[in-house]
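Step one of this worksheet: look at the structure below.
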Amino acid sequence: AEYMGVTTVSDMTTDTTVLCLELLISVTIQNRHRVDLVWALVWDHLQETLHKVTSEAVADDSNRQYLLERLVIGILRLSHHFLTSPLPTAASNASSITAGVFTSPDVSPLLNLISNIPARVLPVTTIAQIVGMFETMVHDRASATFFPSVSLSVGEKESWNVLYQLITKTIPHPSLRKIAIESLRELATNTTLPMSVVPVFLDSLTQFAVTKSDTSVEALNILGTIACRELSEVSTVFPSADTVAQKQNQNQQQHEQHQQQHEHEQLDERHHNQQQQHQQWFRLVEFLFSCANLDHIETAVSAVTVLKRVVVDRPPLWVMPTDWSQLFQNILLPSLKNLSGLPHLRKIEVSVVERFFHRSIDLLAKSYLHQLQKLLLVPEFDEIWLNILEVLRLFTTGKWGDTIDECVHETVKNLVMVMATSRVFEGSGYDLWQRTIASIQVLQPALREQLESVVGIPPVVSDTPVVASGGETVEC
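Under the working numbering, read the sequence shown as residues 393 to 868, first letter to last.
Shown next as structure tokens:
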């Protein structure tokens with residue numbers, strides 16, 4: 393390292409510099425059980441050399457680019473070794489890395505060195521090496537050779553977080569982007585992600601999803617997998633007080649205090665995980681709806697398909713009626729209202745748009761019917777239902793064709809039939825029936841008499857005009 397401490401990169405040959413760098417990395421890895429003795433020197437050298445190379449590097453200087461590539465690979469080797477070959481417990485406790493850089497196995501400062509390299513000087517080959525390291529770590533993670541699935545230490549969490557940020561550097565490079573998204577898919581499919589790294593994992597995937605490219609659909613599918621598995625599990629349910637007390641009574645006296653503390657920690661962790669699940673699930677649903685409004689039709693169609701998996705097929709059991717109310721009022725209905733009038737859809741083939749709208753209307757109808765019993769418990773139920781009718785009306789006023797009009801006709805009919813079967817319009821719900829009929833009169837006049845005869849509720853007779861949700865008055 394002392395020999396390499398030169399003023400400029402050109403003061404010594406590139407081959408010599410690379411040789412010294414390789415020897416330094418190898419010696420550090422081989423002596424990692426006592427690396428605290430030399431780590432401050434190694435760390436300072438890596439920082440200084442990387443700063444010199446990146447500040448002097450230019451696009452046509454192949455020697456400096458080569459040195460930068462080997463330097464990044466050396467840092468990746470160190471990071472991978474510290475992550476995948478943890479020290480025994482006793483040794484780990486005894487040999488914390490000095491100078492406040494990191495405590496094994498936290499390698500986030502090392503990975504941050506690469507993350508902070510300006511994009512203009514980062515070689516494509518270096519990005520390929522980052523992907524290669526990520527693939528290796530994913531395979532190790534899948535085979536459970538390191539990192540228990542249940543939890544990560546602070547250092548491990550930070551290391552994975554930075555690694556997810558690094559993998560997004562492949563986005564401008566199509567060939568590398570495909571490899572990276574495949575690694576993310578394997579990690580999401582074959583392992584149980586600790587909740588502590590799920591937010592950054594989702595952030596990485598969202599960056600791939602909005603690229604409007606061939607990887608967007610795959611990224612959205614992975615997001616659906618994470619939402620249906622990591623964010624929908626009921627692993628955060630609190631044990632009852634009786635269960636906790638029973639366990640405590642069974643413990644021996646000398647372990648009672650320790651056991652009680654351990655159970656409190658478990659409860660705190662479950663409560664924290666539950667809050668994270670709640671926050672990330674709603675954030676993900678909102679992001680998927682934003683993707684449905686993108687001007688890349690393949691991404692939009694895929695987003696609606698994934699939303700059906702997340703919201704309809706396997707929603708979290710912990711979502712409360714008030715949460716569903718907020719979801720409909722703040723995310724689902726405004727997004728679909730905007731979607732029905734997107735101007736770029738006029739430039740797309742009619743059959744593609746029809747398929748897209750069919751899926752969107754189906755998503756709205758099934759989301760509502762699946763959660764009807766919960767929505768009936770919130771005071772704003774009437775408003776939600778009338779807004780649904782208004783959104784469906786917008787799909788017909790856009791003049792998208794007879795196929796969409798027929799789809800809306802059948803959807804409204806089915807929704808009203810289910811609500812009538814559930815006796816929503818009886819008793820105190822009779823006023824809602826009046827307002828529903830008024831809205832349907834504006835939406836599709838021919839449907840009114842058909843619904844009145846099928847549902848079996850007599851026509852409304854009133855001297856007072858009823859105001860429909862579209863703002864028009866209808867004599868009932």
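From the three backbone atoms N, C-alpha and C, an ideal C-beta is built for every residue, glycine too.
(message) Checking 8 Å against the spacing of the C-beta atoms, do I559 and E610 come in under that value?
(response) no
(message) Please state whether the Cβ-Cβ distance between V434 and L411 is less than 8 Å.
(response) Taking 8 Å as the cut-off, the Cβ atoms of V434 and L411 do not count as close.
(message) Using only CA atoms, which one of L686, H670, V590 and V589 lies nearest to K604?
(response) L686
(message) Tell me the rounded alpha-carbon separation between E782 and K729.
(response) Taking the Cα positions, E782 is about 9 Å away from K729.
(request) Run the CB neighbour count on V419, radius 10 Å, all protein chains shown included, and call it buried at 16 or more, exposed below. (result) exposed
(message) For the pair the stretch 759-778 and the stretch 737-750, tell me if three or more CB-CB distances fall below 8 Å.
(response) no
(message) I'd like the span of the alpha helix (DSSP H) that includes M712, first residue to last.
(response) Run containing M712: none; DSSP gives neither H nor E here.
(request) Taking only the alpha-carbon atoms, compute the straight-line gap between P510 and E746 and give it to the nearest angstrom. (result) The alpha-carbon atoms of P510 and E746 are separated by roughly 44 Å.
(request) Helix, strand or coil for P480, going by three-state DSSP, please let me know. (result) Annotation note: pLDDT 40 at P480 (below 50); position unreliable, coordinate value reported separately. Looking at P480 - three-state DSSP - the assignment turns out to be coil, as it is neither helix nor strand.
(request) Would you kindly work out how many angstroms separate the C-alpha atoms of P837 and S567, rounded to a whole number? (result) 54 Å
(message) Once DSSP output is grouped into helix, strand and coil, what is the label at D687?
(response) coil
(request) Whole angstroms is fine: what's the gap from V696's alpha carbon to D705's? (result) When the Cα atoms are used, V696 and D705 turn out to be separated by approximately 13 Å.
(request) Tell me where the alpha helix (DSSP H) around N779 begins and ends. (result) F773 to T789
(message) Using the Cβ count rule (16 or more neighbours within 10 Å means buried), how would you classify Y556?
(response) buried
(request) Pull up the distance between the alpha-carbon of L460 and that of L438, whole angstroms please. (result) Between L460 and L438, the C-alpha separation is close to 11 Å.
(message) Give me the residue from D595, L505, T405 and V602 with the minimum Cα distance to P564.
(response) V602
(request) Measure the beta-carbon distance from V711 to V677 and round it to whole angstroms, keeping in mind my assumption that it falls under 8 Å. (result) Not really, about 10 Å apart at Cβ, beyond 8 Å.
(request) Just tell me which of R426, L413, I421 and Y458 has its CA closest to the CA of E440. (result) Answer by Cα proximity: L413.
(request) Below 7 Å CB to CB, which residues in the same chain sit around W716 once its five sequence neighbours on both sides are set aside? (result) Q763, K766 and L767
(message) Assuming L594 and L615 are in contact, meaning their beta carbons sit under 8 Å apart, how far apart are those beta carbons, in whole angstroms?
(response) 7 Å
(message) Using only CA atoms, which one of I689, I618 and I829 lies nearest to R577?
(response) For R577, the closest C-alpha among the options I689, I618 and I829 is that of I618.
(request) Within its chain, find whatever has a CB closer than 7 Å to the CB of L442; leave out the 5 residues flanking it on each side and keep chain order. (result) L463 and L505
(message) Rounded to the nearest angstrom, what separates T788 and K570 at their Cα positions?
(response) 39 Å
(message) Nearest by alpha-carbon distance to L623: which of S608, I467 and V589 is it?
(response) Residue V589 holds the alpha-carbon nearest to the alpha-carbon of L623 among S608, I467 and V589.
(message) Buried or exposed, going by whether 16 or more other CB atoms sit within 10 Å of the CB of P708?
(response) buried
(request) Go ahead and label S575 buried or exposed: buried means 16 or more other beta carbons lie within 10 angstroms of its beta carbon, across all protein chains shown. (result) buried
(message) Is G793 near the ligand ATP - that is, is its Cβ less than 7 Å away from at least one heavy atom of it?
(response) The model on display carries no ligand, and the ligand ATP is accordingly not part of it.
(message) Using C-beta distances below 6 Å, list every residue in its chain close to V693, excluding the 5 sequence neighbours before and after it, in chain order.
(response) F748
(message) What would DSSP say about W792, mapped onto helix, strand or coil?
(response) coil
(request) Using three-state DSSP, classify F817 as helix, strand or coil. (result) F817: coil per DSSP, three-state reduction.
(request) Could you round the C-beta distance between F681 and S727 to whole angstroms and report it? I think they count as a contact, below 8 Å. (result) Cβ-Cβ separation between F681 and S727: approximately 4 Å, consistent with a contact (criterion under 8 Å).
(request) Find out if the Cβ-Cβ distance for the pair I723, L756 is shorter than 8 Å. (result) Result no, Cβ atoms of I723 and L756 do not sit closer than 8 Å.
(message) Less than 8 Å between C-beta atoms, sequence neighbours within five positions excluded: which residues of the same chain meet that for T813?
(response) By the criterion of a C-beta distance shorter than 8 Å, T813 is surrounded by no residue of its chain, once the five residues flanking it on both sides are discounted.
(request) Whole angstroms is fine: what's the gap from I519's alpha carbon to S507's? (result) 11 Å
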